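*Asks:* Numbering (our numbering), first residue to last: 956 to 1112. Here it is, the structure in full.
Quick look at the structure:
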């Protein structure tokens, strides 16, 4: 699979439209609901967050019409009859810049080896060790790590 860059254009649907405006928008586009094709909550929530940072936005929310459809509906309502379309494209540009700066910082830290390598715990080995310790405690007649017997509700240990 070919790796894309943040500067690449977004993918298009076979119809050619990635973003469409749904019926019911204001004549001046100060209120509009956009349909974003091939997107889900990942972009929806990030985009809603970025749009709500704009003080000219009265309301922004999104929904996924159906779980099996990779589509989100994004509603934007602006104060002072400002354009929801302009707001959307500014938010998309701001997100692209944010993700690009995160990508640059990550790649710089990776190149400088400015990161901590954590030792991965071998879960199977850890579970086996815990099971072995429990077997040894049972063999000694103790059922807990502290050496005290645990008494169950039925009186057994």
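The beta-carbon is built from N, C-alpha and C at its ideal position, and this holds for glycine as well. These numbers come from a predicted model, not from an experiment.
Could you give the first and the last residue of the continuous beta strand (DSSP E) run that contains residue 991?
*Replies:* Locating residue 991 in the chain shown gives position 36, counting from the first residue. That run of the beta strand (DSSP E) goes 986-992.
*Asks:* How is the alpha helix (DSSP H) around residue 975 delimited, first residue to last?
*Replies:* Locating residue 975 in the chain shown gives position 20, where the first residue counts as 1. Segment 974-976 is the beta strand (DSSP E) holding residue 975; no alpha helix (DSSP H) there.
*Asks:* For residue 1013, which residues in the same chain have their Cβ closer than 7 Å to its Cβ, ignoring the five residues on either side in sequence?
*Replies:* For the purposes of this step, residue 1013 is taken as residue 58 along the chain shown, with counting starting at 1. Cβ neighbours of residue 1013 beyond the five flanking positions: 1032, 1033 and 1034.
*Asks:* Between which two residues does the alpha helix (DSSP H) containing residue 1065 stretch?
*Replies:* What you label residue 1065 is simply residue 110 of the chain shown in a count that begins at 1. 1039-1066 is the extent of the alpha helix (DSSP H) around residue 1065.
*Asks:* Suppose contacts are defined by Cβ-Cβ distances below 8 Å. Is residue 1046 in contact with residue 1006 by that definition?
*Replies:* Here residue 1046 corresponds to residue number 91 of the chain shown, with the count starting at 1. Here residue 1006 corresponds to residue number 51 of the chain shown, with the count starting at 1. Closer than 8 Å, so yes.
*Asks:* Return yes when the Cβ of residue 984 is within less than 8 Å of the Cβ of residue 1003, no when it is not.
*Replies:* To locate residue 1003, count along the chain shown from 1; it is residue 48. To locate residue 984, count along the chain shown from 1; it is residue 29. No, the pair does not count as a contact, with Cβ atoms beyond the cut-off.
*Asks:* With distance defined between alpha-carbon atoms, name the residue in 1071, 1023 and 1088 nearest to residue 992.
*Replies:* In the chain shown, counting from the first residue as 1, residue 992 sits at position 37. Residue 992 has its Cα closest to that of 1023, out of 1071, 1023 and 1088.
*Asks:* Candidates 1042, 999 and 978: which alpha carbon is nearest residue 1026's?
*Replies:* One-based indexing of the chain shown puts residue 1026 at position 71. The shortest C-alpha separation from residue 1026 is found at 999.
*Asks:* Can you check which of these residues, 1049, 1063 and 1085, is closest to residue 1008 by C-alpha distance?
*Replies:* Mapped onto the chain shown, residue 1008 falls at position 53. Residue 1008 has its Cα closest to that of 1049, out of 1049, 1063 and 1085.
*Asks:* Straight-line CA distance for residue 1096 to residue 1082?
*Replies:* By one-based count along the chain shown, residue 1096 stands at place 141. By one-based count along the chain shown, residue 1082 stands at place 127. Here the alpha carbons of residue 1082 and residue 1096 stand approximately 21 Å from one another.
*Asks:* Using the C-alpha atoms, what's the distance from residue 1001 back to residue 1062?
*Replies:* Sequence index remark: in the chain shown, residue 1062 carries index 107 (1-based). Sequence index remark: in the chain shown, residue 1001 carries index 46 (1-based). Whole-angstrom Cα-Cα distance: 22 Å.
*Asks:* Using only the alpha-carbon positions, how far apart do residue 990 and residue 1051 sit?
*Replies:* Sequence index remark: in the chain shown, residue 990 carries index 35 (1-based). Sequence index remark: in the chain shown, residue 1051 carries index 96 (1-based). So the two alpha carbons sit approximately 19 Å from each other.
*Asks:* For residue 1021, which of 1010, 1038, 995 and 1041 has the nearest alpha-carbon?
*Replies:* What you label residue 1021 is simply residue 66 of the chain shown in a count that begins at 1. Cα-wise, what sits closest to residue 1021 is 995.
*Asks:* Helix, strand or coil: which one does DSSP assign to residue 1071?
*Replies:* As a working note, residue 1071 is residue 116 in the chain shown. Coil at residue 1071, not helix or strand.
*Asks:* Less than 8 Å between the C-beta atoms of residue 987 and residue 974, yes or no?
*Replies:* Translated into positions along the chain shown, residue 987 becomes position 32. Translated into positions along the chain shown, residue 974 becomes position 19. Contact: no.
*Asks:* By the 10 Å Cβ neighbour count, where 16 or more other Cβ atoms means buried, how is residue 1065 classified, buried or exposed?
*Replies:* Locating residue 1065 in the chain shown gives position 110, where the first residue counts as 1. Classification of residue 1065: exposed, given that the 10 Å Cβ count is below 16.
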